[in-house]
Amino acid sequence: GPWCFYFNPARTADIREVGFFYTPSFYGLQDVKSTGLSYRGNSFGADYTIAAHTFGFDLYRETVMTANVSVPLYDFLFVGTNANLDHLFVKEYGTDVAVSIDAGASMFLSANFRLGCSATNVNSASMTATKDRLPQTLAGGVAFLSEALNLGVDYCKEIGFPSQVRIAAEYS
Numbered sequence: 006g007p008w009c010f011y012f013n014p015a016r017t018a019d020i021r022e023v024g025f026f027y028t029p030s031f032y033g034l035q036d037v038k039s040t041g042l043s044y045r046g047n048s049f050g051a052d053y054t055i056a057a058h059t060f061g062f063d064l065y066r067e068t069v070m071t072a073n074v075s076v077p078l079y080d081f082l083f084v085g086t087n088a089n090l091d092h093l094f095v096k097e098y099g100t101d102v103a104v105s106i107d108a109g110a111s112m113f114l115s116a117n118f119r120l121g122c123s124a125t126n127v128n129s130a131s132m133t134a135t136k137d138r139l140p141q142t143l144a145g146g147v148a149f150l151s152e153a154l155n156l157g158v159d160y161c162k163e164i165g166f167p168s169q170v171r172i173a174a175e176y177s
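Here the sequence shown stands for residues 6 to 177, numbered as in our numbering.
Here it is in C-alpha cells:
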C-alpha cells in the first residue's frame with residue numbers, strides 16, 4: 006500500500022497511487038489527530054513516494070515529510086531509502102527539526118516467498134536541547150504472498166527497548 010515504505014523502504018511494484026488517511030480521535034482522546042497524504046509513482050525503473058504525516062494536537066505535534074526511492078539491483082533484489090524531515094512542536098518549549106535516513110532491502114526467494122530487512126534513522130538524527138536521538142530500529146523478516154493469503158513474521162529491535170516478534174496475516 007501507499008504507506009509500506011515506512012516499514013521497509015525497498016519496494017517492488019510498478020504502480021501509481023495516492024494515499025490519504027485521517028484519524029479524528031487517536032487512543033480515545035478527542036483532541037489527538039493523525040493525518041497523512043502520499044503519492045507513489047514509478048519512473049525510469051525506480052519506485053518513489055512523496056509523503057507527509059502529522060500526529061498530535063494543539064500542545065504537541067509531530068510532522069514528518071518523506072521522500073522515498075526504491076530501485077531493483079536484480080529482478081529479485083530491491084533496495085530503497087527514505088529521507089525524512091522530522092519536525093517537532095511542543096507548546097511552551099518550541100520546535101525542533103532533524104533529517105533522518107532509513108534504508109531497506111527486499112529479496113524474492115521464490116514466486117511466493119520474500120525476505121526483507123530495514124533500519125530506521127541510520128544517521129542517528131537527534132532532536133531537542135538534550136539531543137535525544139530519534140528512534141532507531143532494525144528489522145528482518147520473511148513473508149508468504151499468494152492470491153488468497155499473505156503471512157508475515159519479523160523480528161524487530163528498537164535500540165533501548167526489548168526486541169519483539171511481529172506476526173501478520175491477511176486473507177482475501
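Here a beta-carbon is modelled for each residue, glycine too, at the ideal position from N, C-alpha and C. Quick caveat, the model's predicted, so the values are computed rather than measured.
In its chain, beyond the 5 residues on either side, Phe-94, Val-95, Lys-96 have a beta carbon closer than 8 Å to the beta carbon of Tyr-65. As the crow flies, the alpha-carbon of Ala-103 is around 6 Å from that of Met-132.
Distances from the CA of Thr-100 to each of Asn-73, Phe-26, Asp-63 were compared; the closest alpha carbon is that of Asp-63. A contact is defined here as three or more CB-CB pairs under 8 Å, and the stretch 34-51 meets this definition with respect to the stretch 73-83.
Contact annotation: the stretch 155-165 touches the stretch 139-147, with at least three C-beta pairs closer than 8 Å.
DSSP places Tyr-44 within a strand segment (E or B) once states are collapsed to three. In this structure, Ser-111 places its C-beta atom within 8 Å of the C-beta atom of Phe-83.
The DSSP-derived three-state label of Phe-113 is strand.
DSSP, reduced to helix, strand and coil, places Phe-10 within a helical segment of the structure shown. Apart from the 5 residues on each side of it in sequence, Pro-14 sits with its Cβ closer than 7 Å to the Cβ of Asn-73, Ser-75, Gly-85, Thr-86, Asn-87, Asp-107, Ala-108, Gly-109, Ser-123 in its chain, given in chain order. With distances taken between CA atoms, Asn-128 lies nearest to Ser-105 out of Lys-136, Ser-105, Glu-152. Straight-line spacing of the CA atoms in Phe-25 and Ala-57 works out to 10 Å. Under the 10 Å beta carbon count, Asp-80 is surrounded by fewer than 16 other beta carbons and is classified as exposed.
Only residues of its own chain outside the window of five on either side were considered, and among them Leu-120 have a CB closer than 6 Å to the CB of Leu-114, listed in chain order. Taking Thr-68 as the centre and dropping the five residues before and after it, the same chain places the C-beta of Thr-59, His-92 closer than 6 Å to its C-beta, in chain order.
Residue ranges of uninterrupted alpha helix (DSSP H) with 4 or more members are absent from the stretch 71-139; none lies entirely inside it.
Under the 10 Å beta carbon count, Thr-54 is surrounded by 16 or more other beta carbons and is classified as buried.
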